[in-house]
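Here's the structure we're looking at; comments come further down.
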Amino acid sequence: MSLRIVVCVKYVPDATGDRHFADDLTVDRDDVDGLLSELDEYAVEQALQIAEEADDAEVTVLTVGPEDAKDALRKALSMGADKAVHVEDDDLHGTDVMGTSLVLAKAIEKTGYDVVIAGMASTDGTMGVLPAILAERLGVPQVTLLSEVSIEDGVVKGRRDGDTASEQLEASLPAVVSVTDQSGEARYPSFKGIMAAKKKPVESLDLSDLDIEADEVGLEGSWTAVDSATERPARTAGTIVKDEGEGGKQLAEFLASQKFI
Amino acid sequence: MAEILVYVDHVDGAVRKPTLELLTLARRIGEPVAVALGNGAADTAAVLAEHGAVKVLTADAPEFAEYLVVPKVDALQAAYEAVSPAAVLVPSSAEGKEIAARLAVRIGSGIITDAVDLEAGDEGPVATQSAFAASFTTKSRVSKGTPVITVKPNSAPVEAAPAAGAVETLAVSFSEKAQGTKIVARTPRESTGRPELTEAAIVVSGGRGVNGAENFAIIEALADSLGAAVGASRAAVDAGWYPHSNQVGQTGKSVSPQLYIASGISGAIQHRAGMQTSKTIVAINKDAEAPIFELVDYGVVGDLFDVVPQLTEEVKSRKG
Ligand SMILES: Cc1cc2nc3c(=O)[nH]c(=O)nc-3n(C[C@H](O)[C@H](O)[C@H](O)COP(=O)(O)OP(=O)(O)OC[C@H]3O[C@@H](n4cnc5c(N)ncnc54)[C@H](O)[C@@H]3O)c2cc1C
Ligand SMILES: Cc1cc2nc3c(=O)[nH]c(=O)nc-3n(C[C@H](O)[C@H](O)[C@H](O)COP(=O)(O)OP(=O)(O)OC[C@H]3O[C@@H](n4cnc5c(N)ncnc54)[C@H](O)[C@@H]3O)c2cc1C
């Protein structure tokens with residue numbers, strides 16, 4: 001029996017670029033290159049490993065995002081995913097996590113799945129809640145923030161390293177999984193993978209395909225509102241000294257002047 | 262006055278500091294009603310009352326320890342229905358955020374995560390968030406439903422404000438999905454005796470420049486002289502020199518102490534994301550061009566193996 005794996009991947013502005021907000025206080029996507037959120041590469045990697053272990057499995061990558069978000073799907077396809085689904089609609093601009101999760105949940109149901117795999121957090125919104133929300137919306141177990149994951153005989157097992165303890169988790173499929181950057185290095189696309197990706201199918205869906213009304217998503221339909229965004233003032237230039245043998249003592253002097261010692 | 266539900270993060274009855282900070286914030290927008298779940302829940306009441314909880318709703322059941330997240334969501338929802346609060350505040354731990362998010366879906370509300378401040382506004386509580394590795398500060402609101410907001414540690418002072426703190430047992434009926442994810446084993450993290458990283462007033466971190474697990478002893482010695490927590494960069498963690506639970510940054514802990522000391526850390530954007538909001542930043546790095554120096558209040562260009570031990574000695578002698 002085939003194992004259907006859906007991987008949620010987000011297209012985000014490059015964190016090493018000069019990220020900022022547009023006039024409507026949404027993410028400015030024009031000035032900074034976008035890419036597949038690095039933390040979602042770990043989700044793609046674990047999906048591919050699980051698929052390799054299974055007798056028969058299919059990996060679908062799914063994104064909700066603008067036209068350019070196809071680049072993120074191509075990257076995942078070139079790593080080895082089988083096919084892609086892109087939800088794209090002008091009315092999605094400015095959607096918050098409640099709207100995004102609604103769209104993802106409907107697209108996942110439409111695609112069909114046994115397991116959904118997501119990253120631990122996006123590198124732009126960094127909320128780290130979308131997988132839990134998906135589990136709630138889909139009505140299936142959440143097996144989230146795993147640093148180790150495996151699937152066997154319809155059961156997903158994993159290790160979750162929390163604040164106060166490390167836990168071993170277990171749930172029956174269908175389930176929603178999220179993995180951390182401790183789960184294992186993500187593979188680089190091979191040249192063959194990049195060529196093969198060009199021929200893999202990318203299905204495009206819009207809101208009407210998912211029976212979602214425009215006012216359930218987008219800036220207007222958001223459940224949260226951003227009133228202002230201000231750039232943090234650059235820190236005023238600090239004192240920098242070169243250690244000529246007294247660097248530790250000079251630093252202690254500074255700490256004392258600030259009442260830390 | 263409107264009631265504000267505050268989710269209590271505690272370990273066997275010992276309330277963690279971020280919850281006490283939440284009580285300070287909750288009092289700015291209403292009267293805090295605390296919800297404490299699991300083993301030792303009722304033991305939290307005294308300290309919660311001292312910090313302003315007018316009521317403490319408690320529940321304990323094996324489900325809280327045996328299954329992941331959902332039983333706690335069921336309980337928080339029961340509290341929500343019993344109280345009809347004006348807002349729900351939850352500490353921004355990984356689990357706290359998941360609990361808050363699932364509750365928000367159930368009650369049809371928007372959610373804001375990782376607030377660093379909170380104040381009353383004309384249209385409900387206004388949250389301050391810090392975005393894009395703390396290079397922007399935003400003000401936002403929940404515009405639909407009852408605001409559900411998670412708040413980062415060190416976002417408010419802990420203030421004593423004695424209140425009734427009457428303990429009431431919360432009746433919880435677990436949903437069908439509560440047993441979906443079983444916790445089959447749990448290994449508690451060993452305590453180092455040092456302050457909790459996210460709660461510490463001073464954090465001393467080491468990076469790739471520390472060059473070996475054994476050398477972390479000099480970072481620890483400095484931390485101990487200052488009563489600080491120890492942090493590490495991902496490079497140091499990936500090399501196996503220090504545990505992942507001490508990683509500071511985007512995929513580690515985010516810290517906002519009074520003083521952050523970075524040794525042998527270059528200051529990559531992902532590291533900055535977790536420490537940029539520290540009040541005072543100090544760095545020791547042998548490369549004068551390291552990006553970390555753009556952030557510092559005080560920087561020493563030098564070899565950490567010379568500077569750090571000298572600093573530790575000086576701190577010890579000054580403290581007597
Ligand atoms: C700086 C900033 C702050 C924000 N704060 C809030 C807020 O407080 N409340 C709010 O409601 N919204 C907020 N948003 C909007 C929110 O980020 C998006 O709606 C987003 O898609 C979901 O949250 P996230 O990106 O933080 O995802 P996370 O919860 O961090 O993502 C976890 C995983 O979910 C999957 N995923 C997330 N988004 C997508 C997608 N579009 N397509 C496919 N998979 C996806 C990925 O696998 C990802 O690794 C914020 C956005 C920004 C840029
Ligand atoms: C998706 C993603 C998430 C990430 N999350 C995190 C995260 O949470 N936290 C994190 O830290 N990183 C994270 N990173 C990694 C980050 O990009 C950097 O690689 C990392 O922070 C580098 O660690 P470092 O500064 O210790 O090492 P390096 O960048 O190698 O810097 C070492 C520094 O030590 C100095 N040095 C060397 N020897 C000495 C000496 N004897 N005395 C003084 N100075 C010396 C060098 O001059 C150099 O500046 C993430 C990366 C990605 C892609």
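From first to last, the protein sequence lines stand for chains Y and U. Each residue of the first sequence is one higher than the last, beginning at 1 in this note's numbering. Each residue of the second sequence is one higher than the last, beginning at 262 in this note's numbering. Note that beta-carbon positions come from the ideal geometry of N, C-alpha and C, so glycine has one too. All values derive from a computational prediction rather than experimental measurement.
When Leu379/U, Lys405/U, Ala490/U are compared, the shortest CA-CA separation from Ala365/U is found for Lys405/U. Non-local C-beta neighbours of Val509/U in its own chain, meaning closer than 6 Å and more than five positions away in sequence, comprise Ser466, Gly492, Val516, Gly535, Met536, ordered along the chain. At least one CB atom of chain U sits nearer than 8 Å to the CB of Leu169/Y. Here the alpha carbon of Val176/Y sits roughly 23 Å from the alpha carbon of Leu207/Y. The beta carbon of Thr123/Y sits closer than 8 Å to some beta carbon of chain U. Checking the 7 Å criterion, the Cβ of His532/U is within range of a heavy atom belonging to ligand 2. Residues are counted here when their Cβ sits less than 9 Å from a Cβ of chain U; for the region 245-261 of chain Y these are Gly245, Glu246, Gly247, Gly248, Lys249, Gln250, Leu251, Ala252, Glu253, Phe254, Leu255, Ala256, Gln258, Phe260, Ile261, given in chain order. The nearest non-hydrogen atom of ligand 1 is less than 7 Å from the C-beta of Trp223/Y.
For Thr442/U, the three-state secondary structure derived from DSSP is coil.
Closest in alpha carbon position to Gly563/U, among Leu48/Y, Asp90/Y, Phe260/Y, Val241/Y, is Val241/Y.
Short of 6 Å from the beta carbon of Ser147/Y, and not among the five residues preceding or following it, lie these beta carbons of its own chain, in chain order: Arg159, Asp161, Thr180, Gln182, Ser183.
Comparing alpha-carbon positions, the option among Asp18/Y, Leu36/Y, Val6/Y lying closest to Pro189/Y turns out to be Leu36/Y. Taking a beta-carbon distance threshold of 8 Å, Gln338/U does not count as an interface residue toward chain Y. Going by beta carbons, Thr319/U and Ala302/U fall inside the 8 Å limit. Closer than 8 Å at the C-beta level to chain U, one finds these residues of the region 91-123 of chain Y: Asp96, Val97, Met98, Ser101, Met120, Ala121, Thr123. Collapsing the DSSP output to three states places Ala392/U in a strand. Between the alpha carbons of Ile530/U and Gln49/Y lies a distance of about 29 Å.
In the displayed model, Arg402/U falls within a strand according to three-state DSSP. Beta-bridge annotation (DSSP): Thr224/Y is paired with Val403/U. Those residues of the region 388-404 of chain U placed with their C-beta closer than 8 Å to a C-beta in chain Y are Ser391, Ala392, Phe393, Ala394, Ala395, Ser396, Phe397, Thr398, Thr399, Lys400, Ser401, Arg402, Val403, Ser404, ordered along the chain. In summary, the residues of the region 541-563 of chain U whose CB is separated from some CB of chain Y by less than 8 Å are Thr541, Ile542, Val543, Ile545, Ala549, Phe554, Glu555, Leu556, Val557, Asp558, Tyr559, Gly560, Val561, Val562, Gly563, in the order they occur in the chain. Chain-ordered, the chain U residues with CB closer than 7 Å to the CB of Pro141/Y read Gly441, Thr442.
Of the other Cβ atoms in all chains shown, 16 or more fall within 10 Å of the Cβ of Lys400/U; this residue is therefore buried. Taking C-alpha positions only, Gly501/U is separated from Glu185/Y by approximately 15 Å. Under the three-state reduction of DSSP, Val9/Y is assigned to coil, being neither helix nor strand.
A direct Cα-to-Cα measurement between Thr541/U and Ile522/U gives close to 9 Å.
By the 16-neighbour rule on beta-carbons within 10 angstroms, Glu420/U is exposed. In the three-state reduction of the DSSP assignment, Lys199/Y falls in the coil class. Annotation for Ser204/Y: His86, Glu88 place their beta carbon closer than 7 Å to its own, counting only its chain and skipping 5 residues before and after.
Ala439/U sits away from Glu342/U, with the two beta carbons spaced by 8 Å or more. With a threshold of 7 Å, the Cβ atom of Asn472/U counts as near ligand 2, since some heavy atom of the ligand is closer than that. Along the region 12-65 of chain Y, the beta strand (DSSP E) occurs as fully enclosed runs of 3 or more residues at 34-36, 57-64, listed in sequence order. When beta bridges are read from the DSSP output, Gly119/Y appears opposite Val179/Y.
Thr398/U places its beta carbon 8 Å or farther from that of Ser370/U. The region 342-362 of chain U and the region 284-299 of chain U touch, with no fewer than 3 CB-CB distances between them shorter than 8 Å.
The criterion of a C-beta distance shorter than 8 Å is not satisfied by Ala422/U and Arg289/U.
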